[in-house]
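Residue numbers (the numbering used here), protein chains in the order written: chain A, 1 to 296; chain B, 1 to 421.
Structure representation (structure tokens):
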């Protein structure tokens, strides 16, 4: 299964929110949707979920426009919220029914998920009697209980303790392995790096960078060297503004031409004692900041 | 359709799981039972205590009654007035005093007497009372009594015997009433009860719809709802569930009252108000059902739409105020006309064709006056078309409103967004 968003445009009044968003997601893979606040992520997700239509552009599933009556989509919104005063089982079954499940199937599936996440004992309790982390787990069930084809997770790990985060990671991995299309939106880059093969960075309503995460990192590597040396004062003085001290105690030296990489490494190792020298490969965080620093 | 059904079932289940809703309904039913059985309970208590209390009641009878003083310079007037006043004021113990105006003033001031009459002649008197109540009709009664005395005196002075004078004054007139329309003395009470029930239920449930939508927004459950269900189904499911819950609650309350009245009918034979309330004709109940459903829907749609535009529960009261105001105006127009005894006034006739006021105004006219059938049909047709129109408009506002967070948008902004969608 392949989900494709093609040239989506959306205006709210005079405000142009999306300016031609295109991205592609394959089943069995997770795509990271990154962007600063107001970049257009939620609008893209809402158009994808048919909350409102795009002004222009297409959403295709295996090359055909998405038929929302047949395609099941699961959504974990960033703004968490269910009915705080209502019984957990009742509201989970309600949401599953709204997603097209029959009542008996919804009760069975909900019970299985409550069991899977260790929440069975709370099934007949009111939601507001649960801790924030447990409420998050209940919310996750609404996104996956109806066995969706496409799962959209918006900041799924925010507010979870490490144990619950591990549990959620397991669930996400299982869903990816089951062949679901997973769209993953988060500001916690480590999770994106852990789950997503593909990323798309939005800035000012446009995709400013997209593609395979490994290739992107490789493409952005080579224009700097990372050096650890007892003589780093001398190295910094020598390279002047091209050198910058990093928090981990290394010195990063920018290369005007990546071709000079070998030459510079020889120069440094010949002139100063060096404990470690390698081609600098930026983290996703570095790439994200580089592409979204100047938000439109 | 499936989503509508799911939402409708969820909402209606919520009403019946709501302890306050169930508790209030049962509480009102119990209260009605106590009221309906009250005469029976009272009479059974009286029977038990009869032996002991009968004598005591007789003994205390005179002491319990308030004192009324009568004074006059003319002893024969004082005598004839005492006899007539004793008959005319059975709740008072009459006392004739010859100590004059100051004694009356003193006794009323210190509370020994409740009221006093200083008779200057059979056509002129002064009434003494400490605080004059809104419902004090003593002077009117005294006027009538003294008028009779004056007339009797005049007739006897002109040569007639007191018996002849008495028969002239107390001549009785018999009459028959043939009504071709409605009898307001009978239909006033049940119309009032029905109008009040209509008012309460529409306001309460309308506000419940509004609060329910705003709660979904403020708790952010709406984020999940709008991505799971069609807003039109959400809106209609919620409104129709509230309508059914309201109908069920009304049916329980009215049903209990009717059932208990059938059981205790014999105890109420002498109570004209109760008898007239429960002699409500069936066609009027059907009209009430019709106007309740249509009136409820038009207001609940508006309340739902307005609820969707606010993000915080504390903003809801300000937002729904104009709708509540509209409904209260309709109620005041109708009740004012009812209390004047004429519901065919221009404001009520106009209101009976305006969709937001017609559920109450047309129903009142049907109940208390004779309305041509074509007028009822026009009013209902306007109302039905308006309910459909307001339903469509409300669904559009809802579709846009549920996505808006922050300050409640102005009506102009909402209209602009609706056009865009």
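Note that CB positions come from ideal geometry on N, CA and C, so glycine has one too.
Residues 367, 368, 369, 370 of the same chain have their beta carbon placed closer than 8 Å to that of residue 182(B), with the five preceding and five following residues left out of the count. Look at the beta carbons and you see the region 212-226 of chain B touching the region 299-310 of chain B: at least three pairs across the two are nearer than 8 Å.
For the region 156-198 of chain A, the continuous beta strand (DSSP E) assignments of 3+ residues that do not extend past its boundaries occur at 181-185, in sequence order. In the structure shown, residue 213(A) adopts helical secondary structure according to DSSP, grouped into three states. Residues of chain A whose Cβ lies closer than 7 Å to the Cβ of residue 10(B) are, in chain order, 94. Ranked by Cα distance from residue 271(A), the options 199(A), 81(A), 235(A), 126(A) are led by 235(A). Spanning the alpha carbons of residue 146(B) and residue 105(B) requires a straight line of approximately 22 Å.
For chain A, the residues of the region 201-226 of chain B that bring a beta carbon within less than 7 Å of one of its beta carbons are 219, 220, 221, 223, 224, 226, in chain order. With a cutoff of 8 Å on beta-carbon distance, residue 6(B) and residue 97(A) are scored as near each other.
Here residue 102(A) is exposed, its C-beta having fewer than 16 other C-beta atoms within 10 Å. With contacts defined by Cβ atoms closer than 8 Å, residue 44(A) and residue 150(A) do not form a contacting pair. Neighbours of residue 142(A) in chain B, taken as residues at a C-beta separation under 7 Å, are given in chain order as 224. Close partners of residue 395(B) in chain A (Cβ separation under 7 Å) are lacking, with about 14 Å as the shortest Cβ gap. The C-beta of residue 99(A) comes closer than 8 Å to at least one C-beta of chain B.
A straight line joining the alpha-carbon of residue 295(B) with that of residue 361(B) spans about 11 Å. In the displayed model, residue 80(A) falls within coil according to three-state DSSP, outside both helix and strand. Cα atoms of residue 163(A) and residue 133(A): separation of roughly 10 Å, rounded to the nearest angstrom. Taking a contact to require three or more Cβ pairs closer than 8 Å, the region 85-98 of chain B and the region 138-154 of chain B qualify as touching. Residue 200(A) holds the alpha-carbon nearest to the alpha-carbon of residue 211(A) among 38(A), 49(A), 265(A), 200(A).
In the structure shown, residue 359(B) adopts helical secondary structure according to DSSP, grouped into three states. DSSP places residue 127(B) within a strand segment (E or B) once states are collapsed to three.
Annotation for residue 112(B): 67 place their beta carbon closer than 7 Å to its own, counting only its chain and skipping 5 residues before and after.
Annotation note: the region 213-237 of chain A contains the following uninterrupted alpha helix (DSSP H) runs of length 4 or greater, listed N- to C-terminal: 213-220. Around residue 58(A), the same chain offers 6 as residues with beta carbons nearer than 6 Å, after the five sequence neighbours per side are excluded. In summary, the residues of the region 227-238 of chain B whose CB is separated from some CB of chain A by less than 8 Å are 227, 228, 229, in the order they occur in the chain. Residues 264, 267 of the same chain have their beta carbon placed closer than 8 Å to that of residue 40(B), with the five preceding and five following residues left out of the count.
In the three-state reduction of the DSSP assignment, residue 352(B) falls in the coil class, being assigned neither a helical nor a strand state. Closer than 8 Å to the CB of residue 375(B) there is not a single CB belonging to chain A.
By the Cβ test, the region 370-386 of chain B is not in contact with the region 397-404 of chain B, since fewer than three Cβ pairs between them sit closer than 8 Å. Residue pairing by DSSP places residue 75(A) opposite 152(A) in a beta bridge.
For the C-beta of residue 3(B), the chain A residues within less than 9 Å are, from N- to C-terminus, 97, 98, 100. The beta-carbon distance between residue 8(B) and residue 15(B), rounded to whole angstroms, is 11 Å. This is too long to meet the 8 Å contact definition.
In chain order, 219 make up the part of chain B whose C-beta sits under 7 Å from the C-beta of residue 84(A).
Ranked by how close their Cα comes to the Cα of residue 69(B), the residues 373(B), 277(B), 187(B), 107(B) have 107(B) in first place. At a Cβ-Cβ threshold of 8 Å, residue 152(A) and residue 73(A) count as neighbours. Residue 176(B) and residue 384(B) have their alpha carbons spaced roughly 42 Å apart.
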